[in-house]
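Remember, this note's numbering sits 801 above the position in the first sequence when you count from 1.
Ideal Cβ positions, reconstructed from N, Cα and C, are used throughout, including at glycine.
Below is one structure, written out as structure tokens, with a few remarks after it.
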Amino acid sequence: MISAISKVLSANDTGETGAHQAGILVPKDPTILSFFPTLPTDVKNPRIHLYFRDDEGSQWEFAFIYYNNRQFGGTRNEYRLTRMTPFINSNGLHEGDELILEKHDGGVRTVRFKRRHTPVVTDGVLTLGTAWKVVGIEK
DNA sequence: AGCCATGCACCG
DNA sequence: CGGTGCATGGCT
Numbered sequence: 802m803i804s805a806i807s808k809v810l811s812a813n814d815t816g817e818t819g820a821h822q823a824g825i826l827v828p829k830d831p832t833i834l835s836f837f838p839t840l841p842t843d844v845k846n847p848r849i850h851l852y853f854r855d856d857e858g859s860q861w862e863f864a865f866i867y868y869n870n871r872q873f874g875g876t877r878n879e880y881r882l883t884r885m886t887p888f889i890n891s892n893g894l895h896e897g898d899e900l901i902l903e904k905h906d907g908g909v910r911t912v913r914f915k916r917r918h919t920p921v922v923t924d925g926v927l928t929l930g931t932a933w934k935v936v937g938i939e940k
């Protein structure tokens with residue numbers, strides 16, 4: 802049994818807007834967040850490194866961060882998955898391409914992607930309000 | 001809520 | 001000095 806989520810990359814996600822963003826935004830949807838480890842909410846900008854393996858067996862290190870400085874006088878309150886530049890570039894991903902993250906038994910995580918496509922909504926696929934959707938969450 | 005942007009620190 | 005990522009703010 803695996804859990805998987807996916808997102809259609811925005812221009813900013815891939816760095817095509819010129820931003821040195823180096824990461825994508827993760828919506829605060831509880832179902833999406835359940836894919837990631839739980840980060841503490843009582844500390845500022847908690848982060849955790851996650852390793853994802855691709856089709857070819859290469860490992861990529863991404864950083865899951867909760868920018869929550871709103872609780873400390875700032876204005877941020879959002880999750881981001883950063884450090885994806887090497888992965889984005891070496892795979893030539895662009896805005897519109899779909900990123901797929903999977904979590905297998907034992908906690909092994911893998912990344913895949915689909916080139917620009919039109920999402921096909923089939924039964925069993927819960928489409929959310931954003932570009933993210935749940936492919937299959939184990940519970 | 002989500003995407004767009006940027007000043008600065010760090011490092012090769 | 002140029003690329004990268006952190007942290008933070010802005011815009012829609």
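Legend entry - Simplified DSSP assignment, three categories, for GLN822: Here residue 822 corresponds to residue number 21 of the first sequence, with the count starting at 1. In this structure, DSSP gives GLN822 a state outside helix and strand, which the three-state scheme calls coil.
Legend entry - ALA864 and THR839 closer than 8 Å at C-beta: For this step, residue 864 is matched to residue 63 along the first sequence. For this step, residue 839 is matched to residue 38 along the first sequence. At the C-beta level, ALA864 and THR839 stay beyond 8 Å of one another.
Inset, instruction - Starting from LEU947, trace the alpha helix (DSSP H) both ways and give me its first and last residue. - result: Residue 947 lies beyond the stretch modelled for the chain, which goes from 802 to 940, so this question has no answer here.
Inset, instruction - Measure the beta-carbon distance from LYS808 to GLU899 and round it to whole angstroms, keeping in mind my assumption that it falls under 8 Å. - result: Taking the first sequence and counting its residues from 1, one reaches residue 808 at position 7. Taking the first sequence and counting its residues from 1, one reaches residue 899 at position 98. The pair is a contact, with the Cβ atoms about 7 Å apart (cut-off 8 Å).
Legend entry - Cutoff 6 Å; reference GLU862; Cβ partners in own chain excluding five residues on either side: Residue mapping note: residue 862 aligns to position 61 of the first sequence, counting from 1. Around GLU862: HIS850 and TYR852.
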